[in-house]
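Residue 22 in full-length UniProt numbering sits at position 22 of the sequence shown, and the numbers go up by one each step. Here the structure is laid out as structure tokens; the discussion comes afterwards.
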Amino acid sequence: MKEVVEIVFFELEEDVSEEQFQNASQIFQSNFVALQEGYVSRKLTKSIDGRWADIAIWRDMDAAQAVGKNMGESEFARNYVSLIKNKSIQMHHMSIIHG
């Protein structure tokens with residue numbers, strides 16, 4: 001099976017500071033993401049216009065999809081997601097072809 005890249009584009013809620021979000025992201029990473037079966041790596045990025053992208057690599061599509069199902073059960077995931085404008089979320093899954 002091919003590794004899968006999950007890219008989630010989003011914007012923060014108006015009252016959320018960058019520092020607050022980065023702290024929540026680190027907690028989410030340590031206490032949820034890195035513990036998931038099939039986890040390979042994750043990067044959090046921000047464009048100069050203020051849009052964010054959370055980029056994770058998973059062993060395969062099954063692993064990527066399982067994480068989505070498990071997020072609702074994690075207080076760390078719920079806290080992270082609560083800082084994001086729900087309507088701004090755009091999620092994409094892509095197979096790695098080269099690299």
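Cβ coordinates follow ideal geometry from the N, Cα and C atoms, glycine included.
Per the C-alpha coordinates, the member of 89, 79, 26 positioned closest to residue 9 is 89.
Beta-bridge pairing by DSSP links residue 56 to 6, 42. Residue environment analysis places residue 4 among the buried positions, since at least 16 neighbouring C-beta atoms fall within 10 angstroms of its C-beta.
For residue 36, there is no enclosing alpha helix (DSSP H), as DSSP gives it neither H nor E. Looking only at 77, 63, 87, 83, the smallest Cα-Cα distance to residue 95 is reached by 63. Residues of the same chain with a CB within less than 6 Å of the CB of residue 38, apart from the 5 flanking positions on each side, are 58, 59, 63 in chain order.
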